[in-house]
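**Q**
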Amino acid sequence: MTSRLLMSFRSAAPGPVPARDVPGSTRPTAVLDLEHPLTAAFADRVRREARARGAVTDRDRLRIAHGVIASAVRPVYSVDDLRRVSRTLRLGRGSCSQRMAVLEAVARSLGVPTRVRGLLVDGAFWYPRFPGLRPLVPEDVLLAWPEFLLDGAWVPVTDLFAGHGARGAGAGADGGAPAGGGFTNSGPETLFEAVARTAVDWDAPPACAGSAPCDLSAHLRTDLGRFASRDELFARHGQTLCLAARTLAEPVLGRWSAGAGAGAGTGAGVKSAGGRAAA
Numbered sequence: 000m001t002s003r004l005l006m007s008f009r010s011a012a013p014g015p016v017p018a019r020d021v022p023g024s025t026r027p028t029a030v031l032d033l034e035h036p037l038t039a040a041f042a043d044r045v046r047r048e049a050r051a052r053g054a055v056t057d058r059d060r061l062r063i064a065h066g067v068i069a070s071a072v073r074p075v076y077s078v079d080d081l082r083r084v085s086r087t088l089r090l091g092r093g094s095c096s097q098r099m100a101v102l103e104a105v106a107r108s109l110g111v112p113t114r115v116r117g118l119l120v121d122g123a124f125w126y127p128r129f130p131g132l133r134p135l136v137p138e139d140v141l142l143a144w145p146e147f148l149l150d151g152a153w154v155p156v157t158d159l160f161a162g163h164g165a166r167g168a169g170a171g172a173d174g175g176a177p178a179g180g181g182f183t184n185s186g187p188e189t190l191f192e193a194v195a196r197t198a199v200d201w202d203a204p205p206a207c208a209g210s211a212p213c214d215l216s217a218h219l220r221t222d223l224g225r226f227a228s229r230d231e232l233f234a235r236h237g238q239t240l241c242l243a244a245r246t247l248a249e250p251v252l253g254r255w256s257a258g259a260g261a262g263a264g265t266g267a268g269v270k271s272a273g274g275r276a277a278a
């Protein structure tokens, strides 16, 4: 049983889904604070790593950026979706949403336009992570799912790794992630790591054919469409939890390592910001 008690108010009718061709941008936003010294330095770190590894395409650079973020930012259950990227980098920990925002900021710093797709996902999808706290799990969770403009086409974050040799081999996931199979939303592997290892799709396209490994469409309640930035999405639809709930929960959840809620440890294999490993 999920709950609406701690959620932000949302209209039952969110309005028409915006057009699919919503333009993205490479400009900074309040969340994607590209000009902050910490954010700029992190983007430079990705550039250096990309050059060292001989990356020649934007897709390759973003794959490398994903690995650098997975190494540098520890996965936790933070609930502030409007946290600035620079603060996430300074803390060295962040939620899936916050780590995705770091990837978007790096992309924009590299000159790659980004936008997000707004997804309302069934709160029960998170039951495996909080088995003893189900009555407090929100009825639905608002996700900002990034997309990147590569070679003239919009590419969802999971498709950055499509056809890549790392798929199915556990690459991009932390030490406790499964070597194969679909994303289970349990244990230390989060959505952020999973996209590098296995397909994650909310639409059940023909490639998934309704199979468990990549089809998450059963968990999708509402497609809110595309937005030029995550700032715009959350300004229109609010964050998952109300301000009071975020204020009370953040000091605890913001330090709670992914996987600990399901008794799976504290995210072994993912280094803190002080770690030296990159991708």
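Quick note on numbering that gives the first Met the number 0: the sequence shown kicks off at 0 and runs consecutively. Glycine residues also receive a C-beta, built at the ideal position from the N, C-alpha and C atoms. Only a predicted model underlies this, so the values are computations on that prediction, with no experimental measurement involved.
1) State the start and end residues of the unbroken alpha helix (DSSP H) segment that holds D59.
2) Going by beta carbon distance, what residues of the same chain come within less than 6 Å of A49, once the five residues before and after it are set aside?
3) Which residues in the same chain have their Cβ closer than 7 Å to the Cβ of S85, if we skip the five residues on either side of it in sequence?
4) Assign A42 to one of two classes, buried (16 or more other C-beta atoms within 10 Å of its C-beta) or exposed (fewer than that).
5) CB-CB under 6 Å to V156, same chain, minus the five flanking residues each way: which ones, in chain order?
6) Counting only runs that start and end within the region 71–109, where is the alpha helix (DSSP H) found for 4 or more residues in a row?
7) What does DSSP give as the partner residue(s) for V115 in the beta ladder?
8) Look at L88 and V75 and say whether their C-beta atoms are less than 8 Å apart.
9) Assuming the contact rule is C-beta atoms closer than 8 Å, L232 and V115 should be a hit. Round their C-beta distance to whole Å, please.
10) Tell me whether P27 sits in a helix, a strand or coil according to DSSP, three-state version.
11) State the Cα-Cα distance for the pair A29 and R83, rounded to the nearest angstrom.
12) With V105 and V21 assumed to form a contact (beta carbons below 8 Å), what rounded beta-carbon distance in angstroms separates them?
13) With respect to the beta strand (DSSP E) encompassing P155, which residues constitute its N-terminal and C-terminal limits?
14) Between the beta-carbon of V140 and the beta-carbon of T25, is there less than 8 Å?
15) Taking the alpha-carbon positions, what's the F160 to D230 distance?
16) Measure the alpha-carbon distance for G93 versus V72 and round it to whole angstroms.
17) Does DSSP put P187 in a helix, a strand or coil?
18) Which residues in the same chain have their Cβ closer than 7 Å to the Cβ of L119, if we skip the five residues on either side of it in sequence?
19) Can you round the beta-carbon distance between L190 and D57 to whole angstroms, since I take them to be within the 8 Å contact cut?
20) Have a look at the DSSP bridge pairing and note the partners of L219.
21) What is the rounded straight-line gap between the Cα of A234 and the Cα of D79?
22) Grouping DSSP H, G and I as helix and E and B as strand, with all else coil, what is V194?
**A** For this structure:
1) Position 60 of the sequence shown, counted from the start, is the residue given in the question as residue 59. Segment D57 to A71, the alpha helix (DSSP H) holding D59.
2) In the sequence shown, the residue the question calls residue 49 occupies position 50. Result list for A49: R60 and I63, in chain order.
3) The residue you call residue 85 lines up with position 86 of the sequence shown. Hits under 7 Å: D32, H35, L37 and T38.
4) As a working mapping, residue 42 is identified with position 43 in the sequence shown. The residue in question, A42, is buried, as its Cβ has 16 or more Cβ neighbours within 10 Å.
5) Locating residue 156 in the sequence shown gives position 157, where the first residue counts as 1. If we look at V156 and ignore the five residues flanking it on each side, its Cβ neighbours are P145 and V194.
6) 84–90 and 95–108, all fully within the region 71–109.
7) The residue given as residue 115 occupies position 116 in the sequence shown. Looking at the DSSP output, V115 bridges to P145 and F226.
8) On the sequence shown, position 89 is the one that residue 88 refers to. On the sequence shown, position 76 is the one that residue 75 refers to. For L88 and V75, no; Cβs fall outside 8 Å.
9) Working through the sequence shown from its first residue, we reach residue 232 at position 233. Working through the sequence shown from its first residue, we reach residue 115 at position 116. 6 Å between Cβ atoms; contact.
10) In the sequence shown, residue 27 corresponds to position 28, counting from 1. It is coil, neither helix nor strand.
11) As a position in the sequence shown, residue 29 is number 30, starting the count at 1. As a position in the sequence shown, residue 83 is number 84, starting the count at 1. Our two residues, A29 and R83, have alpha carbons roughly 7 Å apart in a direct line.
12) Reading the sequence shown from its first residue, position 106 is the one you call residue 105. Reading the sequence shown from its first residue, position 22 is the one you call residue 21. Rounded, the Cβ-Cβ distance is 21 Å, inconsistent with contact.
13) For the purposes of this step, residue 155 is taken as residue 156 along the sequence shown, with counting starting at 1. DSSP places P155 in the uninterrupted beta strand (DSSP E) bounded by A152 to P155.
14) Taking the first residue of the sequence shown as 1, we reach residue 140 at position 141. Taking the first residue of the sequence shown as 1, we reach residue 25 at position 26. No; because the gap between Cβ atoms is not below 8 Å, this pair is not in contact.
15) On the sequence shown, position 161 is the one that residue 160 refers to. On the sequence shown, position 231 is the one that residue 230 refers to. Straight-line Cα distance between these residues: approximately 25 Å.
16) What you label residue 93 is simply residue 94 of the sequence shown in a count that begins at 1. What you label residue 72 is simply residue 73 of the sequence shown in a count that begins at 1. Those two C-alpha atoms are separated by around 6 Å.
17) Position 188 of the sequence shown, counted from the start, is the residue given in the question as residue 187. P187 falls in the coil class under three-state DSSP.
18) Here residue 119 corresponds to residue number 120 of the sequence shown, with the count starting at 1. Taken in chain order, the residues that qualify are D139, L141, R220, T221 and L223.
19) Your numbering for residue 190 matches position 191 in the sequence shown. Your numbering for residue 57 matches position 58 in the sequence shown. With a Cβ gap of about 22 Å, L190 and D57 do not count as contacting.
20) Walking along the sequence shown from the start, residue 219 turns up at place 220. L219 is bridged by DSSP to V120.
21) Locating residue 234 in the sequence shown gives position 235, counting from the first residue. Locating residue 79 in the sequence shown gives position 80, counting from the first residue. Between the alpha carbons of A234 and D79 lies a gap of roughly 13 Å.
22) On the sequence shown, residue 194 is found 195 positions in, with the first residue counted as 1. Looking at V194 - three-state DSSP - the assignment turns out to be helix.
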